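Working notes, beginning with the structure itself.
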Amino acid sequence: MSRVQLALNVDDLAESVAFYTKLFGTGPAKQRPGYANFAIAEPPLKLILLENPGQGGSLNHLGVEVDGTGAVDAEQTRLAAAGLALADERDTTCCYARQDKFWVKDAPNGESWEFYTVLDDSATFYGAGDSQACCGAAAVSAETAEGTACC
Numbered sequence: 015m016s017r018v019q020l021a022l023n024v025d026d027l028a029e030s031v032a033f034y035t036k037l038f039g040t041g042p043a044k045q046r047p048g049y050a051n052f053a054i055a056e057p058p059l060k061l062i063l064l065e066n067p068g069q070g071g072s073l074n075h076l077g078v079e080v081d082g083t084g085a086v087d088a089e090q091t092r093l094a095a096a097g098l099a100l101a102d103e104r105d106t107t108c109c110y111a112r113q114d115k116f117w118v119k120d121a122p123n124g125e126s127w128e129f130y131t132v133l134d135d136s137a138t139f140y141g142a143g144d145s146q147a148c149c150g151a152a153a154v155s156a157e158t159a160e161g162t163a164c165c
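This is the structure in structure tokens:
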């Protein structure tokens with residue numbers, strides 16, 4: 015099953031979790047300091063809340079969660095063939111999960127899209143040696159295709 019991911023910056027995580035729990039009728043699948051994610055069945059959506067005071071109400075990034083590394087590889091091959099700049103991140107830890115993923119930048123509008131699969135849960139937001147700019151606003155440079163974000 016694939017589903018769209020929407021990662022939002024929020025000013026107050028507790029208030030936002032309460033709102034989205036009511037809105038979608040389900041609580042977070044995972045909640046950690048400054049972070050919550052909802053795995054919503056209907057409509058199929060992975061909603062990520064990132065506590066960033068002063069940035070609330072803004073988009074952090076968009077994504078597509080897929081069913082495994084094979085699906086990540088297939089999407090990466092398809093988008094590379096279409097000529098899009100990609101940034102590969104394999105076996106990386108971010109947002110309390112170990113993931114295989116890649117990033118693509120919406121060149122006309124500047125939005126960052128992440129295509130990913132979760133390999134395992136993690137006790138930490140990001141891993142040793144992984145980018146500490148995890149889920150940052152500048153996930154991919156369209157010119158250099160260097161990734162610095164996640165989730």
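Sequential numbering from 15 applies to the sequence shown in the working numbering.
Quick reminder that beta carbons are idealized off the backbone N, C-alpha and C, glycines included.
Quantities reported herein were computed from a predicted structural model and do not represent experimental measurements.
Alpha helix (DSSP H) containing residue i: first to last residue?
i: Glu29; result: 27 to 38
In the DSSP assignment, find the unbroken beta strand (DSSP E) run with residue i in it and report its ends.
i: Asp81; result: Neither: Asp81 is in no beta strand (DSSP E) and is coded neither H nor E.
i: Glu125; result: No beta strand (DSSP E) contains Glu125, which DSSP labels as neither H nor E.
i: Phe52; result: 49 to 54
i: Thr138; result: Counting along the chain, Thr138 falls outside any beta strand (DSSP E), and DSSP gives it neither H nor E.
i: Ala101; result: 100 to 108
i: Gln45; result: 44 to 46
May I have the straight-line CA-CA distance separating residue i from residue j, to the nearest angstrom?
i: Ala88; j: Ala137; result: 29 angstroms
i: Ala121; j: Asn74; result: 16 angstroms
i: Ala85; j: Phe116; result: 11 angstroms
i: Arg104; j: Gln113; result: 7 angstroms
i: Tyr110; j: Arg92; result: 28 angstroms
i: Val24; j: Asp135; result: 23 angstroms
i: Asn123; j: Gly77; result: 15 angstroms
i: Val118; j: Ala32; result: 31 angstroms
i: Phe129; j: Glu79; result: 6 angstroms
i: Gly161; j: Pro67; result: Unreliable placement is indicated for Gly161, whose pLDDT of 37 sits below 50; the coordinate value is still reported in the next sentence. Going by the C-alpha atoms only, they are around 24 angstroms apart.
Figure out for me which residue from the options has the closest Cα to the Cα of residue i.
i: Thr107; options: Phe139, Ala96, Trp127, Tyr130; result: Phe139
i: Asp26; options: Leu20, Tyr49, Ala95, Val18; result: Tyr49
i: Thr83; options: Asn51, Ala21, Leu133; result: Leu133
i: Lys44; options: Leu63, Pro58, Gly70, Gln90; result: Leu63
Chain C beta carbons: is any one of them nearer than 8 angstroms to that of residue i?
i: Ala85; result: Checking the listed chains, one finds no chain C in this structure; it contains a single protein chain.
Is the stretch 28 to 39 in contact with the stretch 96 to 108, if contact means three or more CB pairs nearer than 8 angstroms? Too few Cβ pairs lie closer than 8 angstroms, so no.
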